[in-house]
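For the sequence shown, the residue numbers in our numbering are 1164 to 1427. Backbone N, C-alpha and C fix where the C-beta goes; we use that ideal spot for every residue, glycine too. Quick caveat: nothing in here was measured; it's all calculated off a predicted structure.
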Amino acid sequence: MNVLSFEKASFGYGGRRLWGGLTMSLQAGEFLVILGANGSGKTSLLKAVLGLHPLMSGTVEVAGAPPHRGSTQIGYVPQHRRIDTLTPLRARDVVGQGLDGHRWGIGRPDPRRRRRIDELLESVGADAFADRPIGQLSGGEQQRVRIAQALVSDPKLLLCDEPLLSLDLNSQRTISGLVDRRRRTHDTAIVFVTHDINPVLPYIDRVLYLANGRFRTGTVDEVMTSATLSDLYQSPVDVVRSRGRVLVAGVPEGTHHTSVPRAG
Ligand SMILES: Nc1ncnc2c1ncn2[C@@H]1O[C@H](COP(=O)(O)OP(=O)(O)OP(=O)(O)O)[C@@H](O)[C@H]1O
């Protein structure tokens, strides 16, 4: 069964359409990367999958049913924001917050609950800092904890919204690798929104590229070409493959696309 499917889907706010005509599906264990210009509607697509905002037309289904808020089929890693250093919560409390509201009841001291939190922290390599205040952890460490929190319900689908933002290159690699391992070990389908394709390049099965209200889907080789992006942006764009990386140049001003990678 498809874990995620769109059928002739279009999305917009107040009559302004962001994208439309999207028909695609994602199987268990597939890794989909969503790329595109600022404001092209990548986060909005995740909102539709989460059942937080209706489509303008067409349908979206998660594991064969319309999406709804609080679905245990979906894990969600929201856009990365640095947590205040004074936040009193420990890493394990943050994961615990994900459990509350699922099948474990609200915050009861329960050995099974504690075991589950330990398991989740361990699965993302966060056990060493489980008892440290979350605000004192590095960006990469915080991101591991957020992923553990998103996995509490053992979801079939993991949505990650720019999880690599403001992480250094090493942490970007670690977090990308972690997400990839999850889909390999648990067959979780992944939808990964990112501005920079390079940290996830080895893992991608498919790309969905949004721009100018239109989109292209396919493998990296199919979508990340000068011809395809020039057509999407209606303007000359150069895509170069160099030393195993994808470099994009010439994306029109105002449609920022971080594609020229940092050194490393
Ligand atoms: N609730 C809302 N009501 C009206 N417009 C909205 C709402 N949420 C987002 N928008 C607008 O919809 C457009 C798409 O926003 P979205 O966050 O989906 O883009 P994005 O592709 O994720 O962008 P970015 O790369 O900058 O994160 C933007 O112009 C945004 O201002």
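Beta-carbon contacts of S1220 that lie in its chain and below 6 Å, excluding the five residues immediately before and after:
S1173
Which residue comes first and which comes last in the beta strand (DSSP E) that contains S1220?
S1220 to V1225
Bridge partners of S1405, per DSSP?
R1408
Distance between H1231 and A1390 (C-alpha atoms, nearest Å)
38 Å
Neighbouring residues (CB closer than 6 Å to any heavy atom of ligand 1):
Y1176, L1181, G1199, N1201, G1202, S1203, G1204, K1205, T1206 and S1207
Check each candidate in M1387, V1414, L1252 and G1303 and name the one with the smallest Cα separation from G1340.
G1303
Helix, strand or coil: which one does DSSP assign to K1319?
coil
Going residue by residue through the region 1305-1372, where are the continuous beta strand (DSSP E) segments of at least 3 residues, counting only ones entirely within it?
1320-1324 and 1352-1356
Report the CB separation of L1213 from D1368 in whole angstroms; it is logged as a contact under 8 Å.
In fact, because the Cβ distance is near 22 Å, the residues do not count as touching under 8 Å.
Please list, in chain order, all residues of the same chain as T1351 whose beta carbon is under 6 Å from its beta carbon, the five residues on each side excluded.
Excluding residues up to 5 positions away in sequence, L1321 and R1345 lie with their Cβ nearer than 6 Å to the Cβ of T1351 in the same chain.
What residue range is occupied by the uninterrupted beta strand (DSSP E) comprising A1291?
Taken as a continuous stretch (DSSP letters only), A1291 belongs to no beta strand (DSSP E), as it is neither H nor E.
Would you mind reading off the limits of the beta strand (DSSP E) that contains I1197?
In the DSSP assignment, I1197 falls within the beta strand (DSSP E) that extends over F1194 to G1199.
Is it the case that the Cβ atoms of P1326 and Q1306 are separated by a distance below 8 Å?
yes
From S1168 to V1354, what distance separates their C-alpha atoms?
Cα to Cα, the separation comes out at about 12 Å.
Over the uninterrupted beta strand (DSSP E) stretch that includes E1416, give me the two end residues.
Element bounds for E1416: n/a, residue is neither H nor E.
By DSSP, does T1421 sit in helix, in strand, or in coil?
Because the pLDDT of T1421 is 45, which lies under 50, any placement of that residue in the model is unreliable, and the number read from its coordinates should be weighed accordingly. Three-state DSSP puts T1421 in coil, outside helix and strand.
Might you give, ordered along the chain, the residues of its own chain that have their beta carbon closer than 6 Å to the beta carbon of G1376, omitting 5 neighbours on each side?
W1182
Integer Cβ distance of L1371 from M1187, believed to fall under 8 Å:
7 Å
Compute the Euclidean distance between the alpha carbons of T1380 and I1280, then round it to the nearest angstrom.
Distance between the alpha carbons of T1380 and I1280 is about 37 Å.
Pull up the DSSP beta-bridge partners for V1386, would you.
Partner(s): none; V1386 has no beta bridge.
Given a threshold of 16 other Cβ atoms within 10 Å of its Cβ, counted over all protein chains shown, does R1255 qualify as buried or as exposed?
Buried, because 16 or more other Cβ atoms sit within 10 Å of the Cβ of R1255.
For S1203, count the other beta carbons within 10 Å of its own beta carbon; 16 or more makes it buried, fewer makes it exposed. Which is it?
buried
Supposed close pair A1313, V1240 - CB separation, criterion 8 Å:
Right, the Cβ-Cβ distance comes to about 5 Å (below 8 Å), so this counts as a contact.
Check the C-beta distance from V1258 over to A1311 and give it rounded, since I have them as a contact under 8 Å.
5 Å
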